[in-house]
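Engineer: Per numbering that gives the first Met the number 0, the sequence shown starts with residue 0, numbered consecutively. Below: one structure in structure tokens.
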Amino acid sequence: MIELLRCEFYKTRRRYVLLTALFITAFALVFSLYGDYSGENSSFLLENGWMMFLYQLPLSNAIFFPMLSIVTASRLADIEHKGLMLKQLSAIENKGKIFDAKLIYGLGIICLCVFINWAAVIIFGKLIGFGGELPLELYLRFLLFTIVPTAIIYIIQHTLSMVFKNQAAAFFSGLIGTFIGLFSMFLPQLPWLRRIIPWGYYGALQFVGLYGWTSETRYQNAYFEIMEIDTIFIIIVIAVLPVVYFAGRKLFRKREV
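Structure below.
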């Protein structure tokens, strides 16, 4: 496995997969952190900044991390689909190990980007002067609730990219999933929708709500509140991770190369 991972590194170092992933992460940070912190609502935003990010970030994560997964998985798999490389590899190495090596390599990139995004948000909050102490326990919970859905989505994208030679199939499948996941976040009256697809887990695992905000009074009577966590759903989400992995691995092993 170590040798296969080393091969992944040498095969991708000139394709700038990590650089592309970091660029998408940087763009996500600009999108997430941009705001008017000196306007008429600046006192509320600065005082409640830590909670505000926990409320807003699931939406941006639902946009950018699935896209990050699509691009990373596609670029890593495209190397093998060119020529007869995948067929040659399968002749000298177990297909399950090939699947695992590329998955571990890609997941490493994804998890690194998620952690960079998370750490950058905290550093930004410290630099701009958010009120109160950093609620580290809540931010660690948020990190977990970001990594798990992103890992599930990446495994799905990795499987699709490895199974289908035409990467357009994996791209559009991920795009449709992302759209449905985003759509579900704007339909609070249909909570089941965001719970049935991994792309909706970002919204389903959101645990900070904004209350009292109206278009007339805006932030005058607004406040953030920690919502009750559905422990059973969290267990289900975590259980989905190995299920998706073993299903994807089995599908790839049965694929004719």
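All residues carry an ideal CB built from backbone N, CA and C; glycine is no exception. If you're wondering where the values come from, they're calculated on a predicted model, not measured in any experiment.
Go through its chain and collect everything with a Cβ distance to G34's Cβ below 8 Å, but skip five positions before and after it.
Structural biologist: Residue 34 sits at position 35 when you count from the first residue of the sequence shown. Within the same chain, G34 has close Cβ partners L44.
Engineer: Do A150 and L209 have their C-beta atoms within less than 8 Å of each other?
Structural biologist: Start at 1 with the first residue of the sequence shown, and residue 150 comes out as number 151. Start at 1 with the first residue of the sequence shown, and residue 209 comes out as number 210. No, Cβ-Cβ distance for A150 and L209 is not below 8 Å.
Engineer: What residues are listed by DSSP as bridge partners for E224?
Structural biologist: In the sequence shown, residue 224 corresponds to position 225, counting from 1. DSSP, once it has assigned bridges, lists G208 as partnering E224.
Engineer: Return helix, strand or coil for T213, following the three-state DSSP convention.
Structural biologist: Counting from one through the sequence shown, the residue named residue 213 turns up at place 214. Reduced to three states, the DSSP call for T213 is strand.
Engineer: Pull up the distance between the alpha-carbon of W198 and that of C6, whole angstroms please.
Structural biologist: Along the sequence shown, read from residue 1 onward, the residue named residue 198 stands at position 199. Along the sequence shown, read from residue 1 onward, the residue named residue 6 stands at position 7. Rounded to the nearest angstrom, the two C-alpha atoms are 31 Å apart.
Engineer: For G95, I'd like the list of residues in its chain whose CB is within less than 7 Å of its CB, leaving aside the five on either flank, ordered along the chain.
Structural biologist: The residue labelled residue 95 in the question sits at position 96 within the sequence shown. Taken in chain order, the residues that qualify are R248, R252.
Engineer: So, does the CB of F170 fall closer than 8 Å to a CB anywhere in chain B?
Structural biologist: Of the chains in the structure shown, none is chain B; there is only one protein chain.
Engineer: Could you check what DSSP says for M0 in three-state terms: helix, strand or coil?
Structural biologist: As a first step, residue 0 must be located in the sequence shown, where it is residue number 1. DSSP places M0 in coil when its eight states are reduced to three.
Engineer: Within the same chain, show all residues whose beta-carbon is closer than 7 Å to that of M50, passing over the 5 residues directly before and after it, in chain order.
Structural biologist: Indexing the sequence shown from 1 puts residue 50 at position 51. These residues qualify, in order along the chain: V207, F223.
Engineer: Would you mind sorting P187 into buried or exposed? The rule is 16 or more other CB atoms within 10 Å of its CB.
Structural biologist: Position 188 of the sequence shown, counted from the start, is the residue given in the question as residue 187. Looking at its Cβ environment, which holds fewer than 16 other Cβ atoms inside 10 Å, P187 is exposed.
Engineer: If you scan the region 133-198 from start to end, which runs of the beta strand (DSSP E) of 3 or more residues do you find wholly inside it?
Structural biologist: Here no run is fully enclosed.
Engineer: For the alpha helix (DSSP H) holding Y201, just list the boundary residues, first then last.
Structural biologist: Working through the sequence shown from its first residue, we reach residue 201 at position 202. Run containing Y201: 200-203, per the alpha helix (DSSP H) assignment.
Engineer: Given this structure, state the Cα-to-Cα distance separating V242 from A167, to the nearest angstrom.
Structural biologist: As a position in the sequence shown, residue 242 is number 243, starting the count at 1. As a position in the sequence shown, residue 167 is number 168, starting the count at 1. Computed Cα separation, rounded: 25 Å.
Engineer: Who are the near neighbours of L142 in its chain, counting only those whose CB is closer than 6 Å to its CB and skipping five residues on each side?
Structural biologist: Position 143 of the sequence shown, counting from 1, holds the residue named residue 142. So the qualifying residues of the chain are W117.
Engineer: Mark Q205 as exposed unless 16 or more other C-beta atoms lie within 10 angstroms of its C-beta, in which case mark it buried.
Structural biologist: Your numbering for residue 205 matches position 206 in the sequence shown. Result: buried.
Engineer: With DSSP as the reference, label G95 as helix, strand or coil.
Structural biologist: To locate residue 95, count along the sequence shown from 1; it is residue 96. Helix.
Engineer: Within 10 angstroms of its Cβ, does M161 collect 16 or more other Cβ (buried), or is it exposed?
Structural biologist: Within the sequence shown, residue 161 is the residue found at index 162, counting from 1. By the 10 Å Cβ count, M161 comes out buried.
Engineer: Under a three-way DSSP split, which group does Q55 fall into?
Structural biologist: The residue you call residue 55 lines up with position 56 of the sequence shown. Helix.
Engineer: For T213, count neighbouring Cβ atoms within 10 angstroms of its own Cβ and tell me buried if that reaches 16, exposed if not.
Structural biologist: In the sequence shown, residue 213 corresponds to position 214, counting from 1. When all chains shown are included, T213 counts as exposed.
Engineer: Exposed or buried, what is G107 when buried is set at 16 or more other beta-carbons lying within 10 Å of its beta-carbon?
Structural biologist: To locate residue 107, count along the sequence shown from 1; it is residue 108. With fewer than 16 other Cβ atoms within 10 Å, it is exposed.
Engineer: Would you say N270 and Y201 are within 8 Å of each other, going by their C-beta atoms?
Structural biologist: As shown, the chain starts at 0 and ends at 256. That puts residue 270 outside it, with no answer to give.
Engineer: Quick one: give me the first and last residue of the alpha helix (DSSP H) that K249 is part of.
Structural biologist: The residue labelled residue 249 in the question sits at position 250 within the sequence shown. Its alpha helix (DSSP H) spans residues 230-253.
Engineer: Within the continuous alpha helix (DSSP H) that includes F22, where are the two ends?
Structural biologist: Against the sequence shown, residue 22 aligns to sequence position 23. Per DSSP, F22 belongs to the alpha helix (DSSP H) from 16-32.
Engineer: Going by alpha carbons, who is nearest to K125 out of S73, E79, E46, A221?
Structural biologist: In the sequence shown, the residue the question calls residue 125 occupies position 126. Considering only alpha carbons, the answer is E46.
Engineer: Would you report the Cα separation of F114 and R14, rounded to the nearest angstrom?
Structural biologist: The sequence position of residue 114 within the sequence shown is 115, counting from 1. The sequence position of residue 14 within the sequence shown is 15, counting from 1. When rounded, the distance between both Cα atoms is 22 Å.
Engineer: Among the residues of its own chain, which have a CB less than 7 Å from the CB of I196, if the five just before and after it don't count?
Structural biologist: Walking along the sequence shown from the start, residue 196 turns up at place 197. Result list for I196: G176, I179, G180, in chain order.
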